[in-house]
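Everything in the sequence shown is counted per the UniProt record's numbering, starting at 1 for the first residue and increasing by one. All residues carry an ideal CB built from backbone N, CA and C; glycine is no exception. Everything below concerns the one structure shown next.
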Amino acid sequence: MGRQSQGRMWLLGLPWALALLVTMASSGPSADPPDPASIFADLSPEELRAVRTFLMGRPELGLSPSQGGPLAKNSLFLVELLPPKKRSALRFLEHVGARPRREARAIIFFGAQAEPNITELAVGPLPRPSSYRVLGFKGGRAVPFSARPMTRLEYELLYEALVAAMAPLEPLLREVTGFGFQNCSERCLTFSDIAPRGLGPGERRTWLVIQRFVEGYFLHPAGLEVLLDHQDPDPRRWAVRQLWYNGRYFASVRELAESHARGTLPLARLPEPPARHLFSSYEPRGRFASGTPTEVHGAKVCEPQGRRYRLRGNRLEYGGWSLAFRLRSSAGLQLFDVRFGGERVAYELSVQEAIAFYGGHSPAAMQTKYMDAGWAMGASSYELARGVDCPETATFLDAHHLLDADGPVRFRHALCVFELPTGVPLRRHFDSDFQGGFHFYAGLEGRALVLRTTSTVYNYDYIWDFLLYPNGVLEAKVHATGYIHATFYTPEGRRYGSRVHSHLLGNIHTHLVHYKVDLDVAGSGNSFETMDIRFENISNPWSAGARVVQPWLHREPRRREREAVLPLGRPAPRYLLFSNPRRRNRWGHRRTFRLQLSSHAGPVLPRGWREERGVTWARYHLAVTRRHENEPSSSSIYTQNDPWDPPVTFENFIRDNETIEDQDLVAWVTVGFLHVPHAEDIPNTATPGNAVGFFLRPFNFFNEDPSVASRAPVIVRPLDPPSCSRLEIRRWTPPSPGACVHPEPFTYNGTYRLV
Numbered sequence: 001m002g003r004q005s006q007g008r009m010w011l012l013g014l015p016w017a018l019a020l021l022v023t024m025a026s027s028g029p030s031a032d033p034p035d036p037a038s039i040f041a042d043l044s045p046e047e048l049r050a051v052r053t054f055l056m057g058r059p060e061l062g063l064s065p066s067q068g069g070p071l072a073k074n075s076l077f078l079v080e081l082l083p084p085k086k087r088s089a090l091r092f093l094e095h096v097g098a099r100p101r102r103e104a105r106a107i108i109f110f111g112a113q114a115e116p117n118i119t120e121l122a123v124g125p126l127p128r129p130s131s132y133r134v135l136g137f138k139g140g141r142a143v144p145f146s147a148r149p150m151t152r153l154e155y156e157l158l159y160e161a162l163v164a165a166m167a168p169l170e171p172l173l174r175e176v177t178g179f180g181f182q183n184c185s186e187r188c189l190t191f192s193d194i195a196p197r198g199l200g201p202g203e204r205r206t207w208l209v210i211q212r213f214v215e216g217y218f219l220h221p222a223g224l225e226v227l228l229d230h231q232d233p234d235p236r237r238w239a240v241r242q243l244w245y246n247g248r249y250f251a252s253v254r255e256l257a258e259s260h261a262r263g264t265l266p267l268a269r270l271p272e273p274p275a276r277h278l279f280s281s282y283e284p285r286g287r288f289a290s291g292t293p294t295e296v297h298g299a300k301v302c303e304p305q306g307r308r309y310r311l312r313g314n315r316l317e318y319g320g321w322s323l324a325f326r327l328r329s330s331a332g333l334q335l336f337d338v339r340f341g342g343e344r345v346a347y348e349l350s351v352q353e354a355i356a357f358y359g360g361h362s363p364a365a366m367q368t369k370y371m372d373a374g375w376a377m378g379a380s381s382y383e384l385a386r387g388v389d390c391p392e393t394a395t396f397l398d399a400h401h402l403l404d405a406d407g408p409v410r411f412r413h414a415l416c417v418f419e420l421p422t423g424v425p426l427r428r429h430f431d432s433d434f435q436g437g438f439h440f441y442a443g444l445e446g447r448a449l450v451l452r453t454t455s456t457v458y459n460y461d462y463i464w465d466f467l468l469y470p471n472g473v474l475e476a477k478v479h480a481t482g483y484i485h486a487t488f489y490t491p492e493g494r495r496y497g498s499r500v501h502s503h504l505l506g507n508i509h510t511h512l513v514h515y516k517v518d519l520d521v522a523g524s525g526n527s528f529e530t531m532d533i534r535f536e537n538i539s540n541p542w543s544a545g546a547r548v549v550q551p552w553l554h555r556e557p558r559r560r561e562r563e564a565v566l567p568l569g570r571p572a573p574r575y576l577l578f579s580n581p582r583r584r585n586r587w588g589h590r591r592t593f594r595l596q597l598s599s600h601a602g603p604v605l606p607r608g609w610r611e612e613r614g615v616t617w618a619r620y621h622l623a624v625t626r627r628h629e630n631e632p633s634s635s636s637i638y639t640q641n642d643p644w645d646p647p648v649t650f651e652n653f654i655r656d657n658e659t660i661e662d663q664d665l666v667a668w669v670t671v672g673f674l675h676v677p678h679a680e681d682i683p684n685t686a687t688p689g690n691a692v693g694f695f696l697r698p699f700n701f702f703n704e705d706p707s708v709a710s711r712a713p714v715i716v717r718p719l720d721p722p723s724c725s726r727l728e729i730r731r732w733t734p735p736s737p738g739a740c741v742h743p744e745p746f747t748y749n750g751t752y753r754l755v
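Right under this line is the structure:
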């Protein structure tokens, strides 16, 4: 995944040593929103503005606008909801406590001081903030200023520094690419930046992949990679430290320019990009051999009798399901208070991190280890296209982010909700009489409700889904698509991927995604056990002298945290069970939910190696810990730029090896896959085969399949067996679904603006 120069992203930083609480007179109490789910709702534009206005007005903070000015300034980087503590939230949801105080999480870069730092604040109460306090990380860890995410201002200065430094190479670049940096209009070069930005703590030197700025520029590297040191807060001291061109390293711009001038430099001349049918574009080219039509609309989703779900603010209800949701700027989708049939199944389900670790021959490729929370992947939620990203019938929702901006930015249609026909029955049976007829047929159509958003982190697009099924099953799923992160092809690069175009290498990489699953199965006191089969060889009780080999259930209670980790690279037990030891169903079983993984995850680095310290959660398919308020997330937005000594180290969550029997538990789930790019990844990686996730499935939680409450089954019984010439057809829905056409034409906006 490359990161591009135009309209760059932003990141954040760390806590400071200022124990400060500021209080002002409040202008009055605020009205409580009507729905309890609103305690988890994202901040409104008005709340975002109120927090910014309050903080900008505090003289001791000395804040400047985010845009413009020097890098060495104090600025507000991020504002988002600070969720309430679980104990307070549950007391309120169960009507035994007051509504929790509503607060914001604010991240401030303090760059205008001798020892710059990053500080996180809790600001409240909302909607009229009057005080703030410092937020810290577990163990009191501080975050160095060098770990801050990139800002738009730093990207602008980086681009200016690059253009100036590349001036002596303009003849070379024009000759081999036909594009340049100097005085260009349409034939310009751009760059994607690589992270982490160095080889150890405190560094901020970034490899930049130079590319031709055409449609799909990620697939158009020029053969030049530049290491630019931008650690100093004064951009005048930034400098190019090294270069790589067409397989060779150069110590300076001058050395490379002189090699070109002497005619001793082996050149890699790129072909002129065509005006139409550029290989990196979506423009149709070629024809299918069958000749079947593709220029007409295909199958569509419709709601002939209207929507079968209810959306009230951030409360979503469907069949037996009810949940609250939000789209946090830092890391994306987060569900709270997930219930089925009125009973809480999980307190929180959320995306924590998405990483992609690469290999390659060029310096940029071998350095690429992307950790996308560090690029604020939750705020990369651009507009979903009706009829493509979501069905025409979907409900679309806007999101508002205050990230590296001087006010809230509206992201139009950032989320969607829709009911999806799965194309396969949820249940069905044909009961044959084995004489050419049948006793009955019964089936229940397959449907699921989908909550969706996307994260476009420069080249890669992640499609994030939570699916709710009528039988009490919840699925979390992510599809990977978008452009591959590709580098310039050299013969030495073949062992790190595939040649996918004339000058293009698709680099090998592993995708891993981490989820937090705070289960409350029939209550907060849960236990974890694994179950699989073993075989026994026993005497056959009904045939003397014979033996029977058969499976039996082997259960293994996991009583402490270190017993409840399932390392990657080893096969995991097939049944991962979370149960309430004090609650049983009608048949005497513990009420249980099963976690079922859909993943091909593998290790990204050897244990303990440099950057692996920042992703210690990636050691495990699953880790189960006792829940603590000071362990809210397995990663942070600072890990990308300081993975060597990160403020959040997941391994510390399990190091104390606490007991996990009959406790409030969190399941930390890792899913992923190895991607060896291939020619069919051009122009984009396709979604089929590139989806991973997990299911939460009831396992003796209910007394029977709860989807029996659905009124959507069809039952057919013959009235005159065995001839079956007269049938009784029973339905609880109208006989015909009616018209199934969405009359509105396709529209799209695509903008995200200050509001």
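When the options are compared against residue i, the one with the closest alpha-carbon
i	options	result
Thr490	Val500, Gly482, Ile484, Tyr483	Val500
Val240	Leu267, Leu169, Arg308, Ala268	Leu169
Leu243	Arg262, Ala222, Pro235	Ala222
Leu82	Cys302, Asn314, Ser330	Ser330
Leu674	Val604, Tyr638, Asn652, Phe699	Val604
Leu61	Arg133, Tyr460, Ser38	Arg133
Tyr382	Val351, Leu415, Leu403, Asp372	Leu415
Phe179	Pro201, Glu203, Leu224	Leu224
Ala480	Arg310, Arg584, Gly693	Gly693
Glu612	Phe650, Leu172, Phe695	Phe650
Pro647	Glu160, Glu536, Gly614, Ala623	Gly614
Ala476	Tyr318, Arg494, Val450	Val450
Leu71	Pro293, Gly111, Gly57	Gly111
Asn684	Phe695, Pro84, Glu283	Glu283
Gly423	Phe430, Gln435, Ala448	Ala448
Sequence-distant residues of its chain with Cβ nearer than 6 Å to residue i (five each side left out)
i	result
Tyr358	Ala365, Thr368, Asn507, His509
Arg101	Gly124, Pro125
Val79	Leu48, Val51, Ala104, Ala106, Leu402
Met371	Ile355, Thr639, Gln640
Arg731	Val714
Leu719	Arg726, Glu728
Ser350	Gln334, Lys516
Proximal residues to residue i (C-beta, below 7 Å), its chain only, five neighbours per side dropped
i	result
Asn657	Arg560, Glu561, Arg562
Tyr575	Thr530, Met531, Asp532, Arg594
Ser26	In this prediction, Ser26 scores a pLDDT of 35, lower than 50, which makes its location untrustworthy; the coordinate-derived value is nonetheless stated afterwards. Arg128, Ser130.
Pro266	Asn246
Arg254	Pro168
Gln6	Unreliable positioning characterises Gln6 in this predicted model, as indicated by a pLDDT of 38, which lies under 50. A coordinate reading is not provided.
Inter-residue CB distance, residue i and residue j (contact presumed, cutoff 8 Å)
i	j	result
Gly216	Tyr469	That pair is no contact at about 37 Å.
Trp587	Thr670	Between Thr670 and Trp587 the Cβ distance is about 33 Å, and since that is not below 8 Å, they are no contact.
Ser527	Pro581	5 Å
Ser280	Leu219	4 Å
Arg626	Asp662	Actually they do not touch by this definition, with Cβ atoms about 11 Å apart.
Leu162	Leu208	6 Å
Ser66	Ser75	5 Å
Trp464	Gly332	6 Å
Leu135	Glu120	4 Å
Other residues of its chain near residue i: CB distance less than 8 Å, five sequence neighbours each side excluded
i	result
Cys740	Lys300, Cys302, Pro304
Asp232	Trp238
Leu568	Ala601, Gly602, Pro603, Ala618, Arg619, Tyr620, His621, Thr670
Pro29	No answer about Pro29 holds up, because its pLDDT of 44 lies below 50 and its placement is not dependable.
Ser736	none
If contact is defined by three or more beta carbon pairs under 8 Å, each pair taking one atom from either stretch, is the stretch 407 to 419 in contact with the stretch 678 to 685? no
Run through the stretch 67 to 112 for me and flag every whole beta strand (DSSP E) of 3 or more residues, listed as ranges in chain order. If we require 3 residues or more, the beta strand (DSSP E) runs fully inside the stretch 67 to 112 come out as 74 to 82, 103 to 110.
Counting pairs of beta carbons, one from the stretch 432 to 444 and one from the stretch 378 to 395, are three or more of them closer than 8 Å? No, they do not touch.
Report the residue ranges of all beta strand (DSSP E) runs contained in full by the stretch 313 to 365; include only those spanning at least 3 residues, in chain order. 315 to 318, 321 to 328, 332 to 340, 343 to 358
Does the stretch 188 to 208 come into contact with the stretch 637 to 652, if we say contact requires no fewer than three beta-carbon pairs (one atom in each stretch) closer than 8 Å? yes
Between the stretch 694 to 712 and the stretch 546 to 554, can you find at least three pairs of beta-carbon atoms closer than 8 Å? no
Just checking, does the stretch 105 to 119 make contact with the stretch 140 to 148 on the three C-beta pairs under 8 Å criterion? yes
Secondary structure, alpha helix (DSSP H): runs of 4+ residues fully inside the stretch 635 to 716: 651 to 655
Just list the alpha helix (DSSP H) runs in the UniProt domain "Copper amine oxidase N3-terminal" (148 to 248), keeping only unbroken ones of 4 residues or longer that don't cross its boundaries, in chain order. 152 to 165, 170 to 177
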